[in-house]
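One structure below.
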Amino acid sequence: MGKLKVTTPKLQDVKIIEPAVFGDKRGFFTETYSDRDFKEAGIDFDFIQDNQSLSAEAGVLRGLHFQRGKAAQTKLIRVVTGAVLDVIVDVRAGSPTYGEWEGYIISESNHRQLLVPRGFAHGFVTLTDNVNFLYKCDNYYNAEADGGITFMDKDLNINWPIDYDQAITSEKDAKQQTFKEFEQNNPFVYGEI
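Start counting the sequence shown at 2; every next residue gets the next number (my numbering).
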């Protein structure tokens, strides 16, 4: 139906996707995913699992998460209601952008999607109440391969738009390892995942 606008930000292999949106007095229509259109745009992944989270309040902070080894995942994320600051960190040793992070506003009004490749830690903070966050994965979730880095990491120095003590987060996310601790057993190598 509609074609995609695809841009590449600073971080290696990341894509920002903006589908065509058709609006009138009734509202809008958009085709959020077309395997054909994505492949024509050079985005060719076999997505096999869809996940959804609801964050009831502004200030919910989830992340920074990843899956190790053969369970590593590429994610295609979007927001159905509300808005988030979505943050990704390149954790692929040897990558030209290793250890760097970027944040992107993803919202119901801008219709953007973010392609997060394998080898990136991912998290977000909700900027509004009632955030419905959806993402496709090219690999199944595996609890034994689950990993993360603390969102409060001093070396990464992520500029979250919220004070850490005000963030609504899980106990698990509050206790994640630092980036330096992660580097001691980094399972991701650029060009090998």
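Idealized CB from N, CA, C, for every residue including glycine.
Task: Assumed close pair Phe125, Asp87 - CB separation to whole angstroms, cut-off 8 angstroms - done: Along the sequence shown, one-based indexing puts residue 125 at 124. Along the sequence shown, one-based indexing puts residue 87 at 86. About 5 angstroms separates the two Cβ atoms, so the contact holds.
Open item on the list: Whole angstroms are fine: how far does the CA of Ile163 sit from the CA of Gly43?
Closed with: Residue numbering aside, residue 43 sits at position 42 when the sequence shown is read from its first letter. Residue numbering aside, residue 163 sits at position 162 when the sequence shown is read from its first letter. When rounded, the distance between both Cα atoms is 36 angstroms.
Open item on the list: Does the structure place the stretch 84-104 close enough to the stretch 22-32 that three or more beta carbon pairs sit under 8 angstroms?
Closed with: no
Task: Validate contact between the stretch 133-147 and the stretch 66-82 using beta carbons, cut 8 angstroms, 3 pairs - done: yes
TODO: Please state whether DSSP places Ala144 in a helix, a strand or coil.
DONE: Taking the first residue of the sequence shown as position 1, residue 144 is located at position 143. Three-state DSSP puts Ala144 in a helix.
Task: Assigned exposure category for Asn158 - 16 Cβ within 10 Å defines buried - done: As a working note, residue 158 is residue 157 in the sequence shown. It counts as exposed.
TODO: Assuming Ser96 and Gln178 form a contact by the criterion Cβ under 8 angstroms, report the distance between their Cβ atoms to the nearest whole angstrom.
DONE: Numbered from its first residue, the sequence shown carries residue 96 at position 95. Numbered from its first residue, the sequence shown carries residue 178 at position 177. With a Cβ gap of about 20 angstroms, Ser96 and Gln178 do not count as contacting.
Task: Among Gly64, Lys176 and Asn187, nearest to Trp161 - alpha-carbon criterion - done: The sequence position of residue 161 within the sequence shown is 160, counting from 1. Of the candidates Gly64, Lys176 and Asn187, the one whose C-alpha sits nearest the C-alpha of Trp161 is Gly64.
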